[in-house]
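Just below is one structure, and these are the notes that go with it.
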């Protein structure tokens, strides 16, 4: 990955392309993809842009969705996303969850009829901008081995939790409930690299490190990740009354015009309803610092979000690295990306 | 474990003993311990009773606590448990969370100055009795290796999520964020058994299967369990403004009169604010059934709570198995337990 792209140019070109297509949510899609790449999560960053362009062109993603509340009460809301870009519907939903938290201290919003929303952190971090704890979940097509069995049962159903800190960017845990994300399997396939052991199985459920043979991934922490994935599916697909994992079409191998009806779930919680806001931040900072202080140069201890913060500093300065196949795909969308090459 | 005890007799004797000691919460402590043993979670069941009797006798647990709200708003509440039995303060808290959910759809309650609360499922299942999703978390003294380092960073900080099903007892995920619970390490020590590989480290942070050498346990799923454990600590210790993991005294090796100031966090969510209640139960049941349907006789697929339901059926019929050292400890508290032996 020797080529690097200027993030501000990438952001501008992506936004322009989506606006030219007439797609609502151009700002959020572009901001999510670029910030996610800057944070080092290449599996959910700018490399997905060509897919999103195809999806909105073909009609999987609605260009002019009507995102509307289906049901609403004191601390809760259900939104129908009308097949909007997930980056847009998720941003509408986390804003709604924050509004509810402002009103009663906590808000929970389920979203149905959405599309792939990229990195969950993009939404949960928006809650921190308002001083709240953020929670973001999404379902996905079934790719994770049902623990004990030999077949795919649930999606990689991620869990993201964020919280504001005193002296730095928020704490941010953003984890698939699988041992590896499917986009990372696809990345290994593309680069011709093997997978780590114990993260994937072939189509008969036997463990494999061959990325091409991988037909499903393992839940993280055996039955515990499987159980958490089921909880995420319950919060997303069941609470929103949308399709559940094994009913969802795969992201890349389905007809590109087919609508996927992804469901998400978001929460925001105002820490000031529990403890003074500045004390929350000070004590969470002290907790985080105490954990880091347990490490040494040889055995560093990080907290969730630390690797992303370090990569962000480096990439904001030096640009976003990209491999040639992914760069070619971007340039095939528009040669305007040429201007981003550093 | 050839001796079996009649659960109804154990329940009665425990309740009588605690009432005789003048301890508030006797019903909840006895019900939690017996139901937890019936569900097969021996690490958090009736074997803890002698410890609890010592704790309440010595003053670690308050006999007549005043459990009172410190702060309260639309969907949130902070309770000061005044060193009550955790089984009592947790029951008060989940009831409060359910009241908030009844009012605004969702409720979140943080509890400070509490004590060991036993199995988290005991509380989250109470939310299901009211038709709600239940969430229960607690912090604990630092026993889990800080990921990357060589020292203990966080407690085994469990996550419990429950939800009502259509045709059976609730779905119930109750998991430590460690690869194994500390009480299971103690059980292996007591029985002279080795630990599974990759679940514990010695005092220098090196992996060990020797239960006696184990000084800390591993987070489940490497950095993901560590991250989830940190989230649990944030929800419990930081939101409630109580001590955090490394400030908490160990359960068994501290002076028995020392107060531990454990913090908990509970949530209840009314699914009917999102989707009709019966539809929620029907669809969650269908999801659970579809996962089970992916299994075979040779490779069964279970969902969270299934092992506990199977053990419950067996133990409700045949009694609770107990090993001789644990039985001797119960009989040392009171010979009344003799009447429970089957």
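Residue numbers (my numbering), protein chains in the order written: chain D, 7 to 348; chain H, 7 to 348.
For glycine and all other residues, C-beta sits at the position ideal for the given N, C-alpha and C.
* Can you grab the Cα-Cα spacing for the pair residue 174 (chain H) / residue 318 (chain H), in whole Å? => Here residue 174 (chain H) corresponds to residue number 168 of the second chain, with the count starting at 1. Here residue 318 (chain H) corresponds to residue number 312 of the second chain, with the count starting at 1. Each residue's alpha carbon lies about 13 Å from the other.
* **Three-way DSSP call (helix, strand, coil) for residue 119 (chain H) in this model** => What you label residue 119 (chain H) is simply residue 113 of the second chain in a count that begins at 1. Note: residue 119 (chain H) maps to strand in three-state DSSP.
* **Uninterrupted alpha helix (DSSP H) stretches inside the stretch 22-64 of chain H (no shorter than 4 residues)** => 32-44 and 55-64
* Have a look at residue 340 (chain D) and residue 213 (chain D) and give me their C-alpha separation to the nearest angstrom. => Your numbering for residue 340 (chain D) matches position 334 in the first chain. Your numbering for residue 213 (chain D) matches position 207 in the first chain. So the alpha carbons of these two residues sit roughly 40 Å apart.
* To do: Using a Cβ-Cβ cut-off of less than 8 Å, give me the residues of the stretch 60-84 of chain H that come near chain D, in sequence order.
  => 77, 79, 80, 81, 82 and 84
* Which two residues bound the contiguous alpha helix (DSSP H) that contains residue 101 (chain H)? -> Walking along the second chain from the start, residue 101 (chain H) turns up at place 95. That run of the alpha helix (DSSP H) goes 92-110.
* Quick one: is residue 223 (chain D) near chain H, going by C-beta distance under 8 Å? -> Reading the first chain from its first residue, position 217 is the one you call residue 223 (chain D). Not an interface residue.
* To do: My understanding is that residue 301 (chain H) touches residue 233 (chain D), with C-beta atoms under 8 Å, so please give their C-beta distance in whole angstroms.
  => Taking the second chain and counting its residues from 1, the one referred to as residue 301 (chain H) is at position 295. Taking the first chain and counting its residues from 1, the one referred to as residue 233 (chain D) is at position 227. Not quite, the Cβ-Cβ distance comes to about 15 Å (not below 8 Å), so this is no contact.
* Asked: Taking buried to mean at least 16 other C-beta atoms within 10 Å of its own C-beta, is residue 196 (chain D) buried or exposed?
  -> Your numbering for residue 196 (chain D) matches position 190 in the first chain. So residue 196 (chain D) counts as exposed.
* Asked: Per DSSP, what kind of secondary structure is residue 129 (chain H) in: helix, strand or coil?
  -> As a working mapping, residue 129 (chain H) is identified with position 123 in the second chain. Helix at residue 129 (chain H).
* Asked: Assuming residue 245 (chain H) and residue 116 (chain H) make a contact with CB atoms under 8 Å, what is their CB distance in whole Å?
  -> Within the second chain, residue 245 (chain H) is the residue found at index 239, counting from 1. Within the second chain, residue 116 (chain H) is the residue found at index 110, counting from 1. The pair is a contact, with the Cβ atoms about 5 Å apart (cut-off 8 Å).
* List the residues of chain D whose Cβ lies closer than 8 Å to the Cβ of residue 153 (chain H), in chain order. => Counting from one through the second chain, the residue named residue 153 (chain H) turns up at place 147. The contacting residues are 307 and 308.
* Asked: When burial is assigned at 16 or more other CB atoms within 10 Å of the CB, is residue 26 (chain H) buried or exposed?
  -> Residue numbering aside, residue 26 (chain H) sits at position 20 when the second chain is read from its first letter. Exposed, since its Cβ has fewer than 16 Cβ neighbours within 10 Å.
* Asked: Do residue 108 (chain D) and residue 216 (chain D) have their CB atoms nearer than 8 Å?
  -> Taking the first chain and counting its residues from 1, one reaches residue 108 (chain D) at position 102. Taking the first chain and counting its residues from 1, one reaches residue 216 (chain D) at position 210. Not closer than 8 Å, so no.
* Asked: Are the C-beta atoms of residue 277 (chain D) and some chain H residue less than 8 Å apart?
  -> Here residue 277 (chain D) corresponds to residue number 271 of the first chain, with the count starting at 1. Yes, residue 277 (chain D) counts as interfacial toward chain H.
* Asked: Do three or more CB pairs link the stretch 117-128 of chain H to the stretch 86-96 of chain H at distances below 8 Å?
  -> yes
* Asked: Using the rule of at least 16 other Cβ atoms within 10 Å of the residue's Cβ for burial, across every protein chain shown, is residue 23 (chain D) buried or exposed?
  -> Taking the first chain and counting its residues from 1, one reaches residue 23 (chain D) at position 17. Its Cβ being crowded by 16 or more others within 10 Å, residue 23 (chain D) is buried.
* To do: Using a Cβ-Cβ cut-off of 8 Å, state whether residue 328 (chain D) counts as contacting chain H.
  => On the first chain, position 322 is the one that residue 328 (chain D) refers to. By this cut-off, residue 328 (chain D) is not an interface position.
* Asked: CA-CA distance, residue 346 (chain H) and residue 14 (chain H)?
  -> Start at 1 with the first residue of the second chain, and residue 346 (chain H) comes out as number 340. Start at 1 with the first residue of the second chain, and residue 14 (chain H) comes out as number 8. Approximately 8 Å, taken between the alpha carbons.
* Please report how far the alpha carbon of residue 122 (chain H) lies from the alpha carbon of residue 91 (chain H), in whole angstroms. => Indexing the second chain from 1 puts residue 122 (chain H) at position 116. Indexing the second chain from 1 puts residue 91 (chain H) at position 85. The alpha-carbon atoms of residue 122 (chain H) and residue 91 (chain H) are separated by roughly 7 Å.
* Touching or not, the stretch 28-48 of chain D and the stretch 299-316 of chain D, by the rule of three or more beta carbon pairs under 8 Å? -> yes
* Asked: For residue 180 (chain D), which residues does DSSP report across the bridge?
  -> Locating residue 180 (chain D) in the first chain gives position 174, where the first residue counts as 1. D:166.
* residue 305 (chain D) classed as buried or exposed, judged by whether at least 16 other C-beta atoms fall within 10 angstroms -> For the purposes of this step, residue 305 (chain D) is taken as the residue at position 299 of the first chain. Classification of residue 305 (chain D): exposed, given that the 10 Å Cβ count is below 16.
* Taking just the CA atoms, how far does residue 10 (chain H) sit from residue 146 (chain H)? -> Counting from 1 along the second chain, the entry for residue 146 (chain H) is found at position 140. Counting from 1 along the second chain, the entry for residue 10 (chain H) is found at position 4. Cα-Cα distance, rounded: 31 Å.
* To do: With residue 79 (chain D) as the anchor, note down where its beta strand (DSSP E) starts and where it stops.
  => Taking the first chain and counting its residues from 1, one reaches residue 79 (chain D) at position 73. 74-79 is the extent of the beta strand (DSSP E) around residue 79 (chain D).
* Does DSSP put residue 113 (chain H) in a helix, in a strand, or in coil? -> The residue given as residue 113 (chain H) occupies position 107 in the second chain. It is a strand residue.
* Any chance you could list the beta strand (DSSP E) runs of at least 3 consecutive residues sitting entirely within the stretch 170-242 of chain D, in chain order? => 177-181
* Asked: What residues of chain D sit near residue 289 (chain H), judged by a beta carbon separation below 7 Å?
  -> As a first step, residue 289 (chain H) must be located in the second chain, where it is residue number 283. Under the 7 Å cutoff, chain D gives 244.
* Would you check if there are 3 or more beta carbon pairs closer than 8 Å linking the stretch 128-140 of chain D to the stretch 174-187 of chain D? => yes
* Comparing alpha-carbon positions, which option in D:165, D:208 and D:171 lies nearest residue 238 (chain D)? -> Taking the first chain and counting its residues from 1, one reaches residue 238 (chain D) at position 232. Nearest of D:165, D:208 and D:171 to residue 238 (chain D), Cα basis: D:165.
* Under a three-way DSSP split, which group does residue 340 (chain D) fall into? -> Taking the first residue of the first chain as 1, we reach residue 340 (chain D) at position 334. Looking at residue 340 (chain D) - three-state DSSP - the assignment turns out to be coil, as it is neither helix nor strand.
* Pull out every residue of the stretch 191-224 of chain H whose Cβ sits closer than 8 Å to any Cβ of chain D, in chain order. => 211
* Have a look at residue 112 (chain D) and residue 270 (chain H) and give me their C-alpha separation to the nearest angstrom. => As a first step, residue 112 (chain D) is located in the first chain; it is residue number 106 there, counting from the start. As a first step, residue 270 (chain H) is located in the second chain; it is residue number 264 there, counting from the start. Each residue's Cα considered, the two are about 17 Å apart.
* Asked: Thinking C-alpha only, which one of D:247, D:20, D:284 and D:251 is nearest residue 278 (chain H)?
  -> On the second chain, residue 278 (chain H) is found 272 positions in, with the first residue counted as 1. Taking only the C-alpha atoms, the option nearest residue 278 (chain H) is D:247.
* Asked: Near residue 182 (chain D), what residues of its chain come up, given a Cβ to Cβ distance below 6 Å and the 5 sequence neighbours on each side ignored?
  -> Taking the first residue of the first chain as position 1, residue 182 (chain D) is located at position 176. Excluding positions up to five away in sequence, the list reads 162 and 164.
* Taking one C-beta from the stretch 61-78 of chain H and one from the stretch 253-267 of chain H each time, how about it: are there three or more such pairs within less than 8 Å? -> yes
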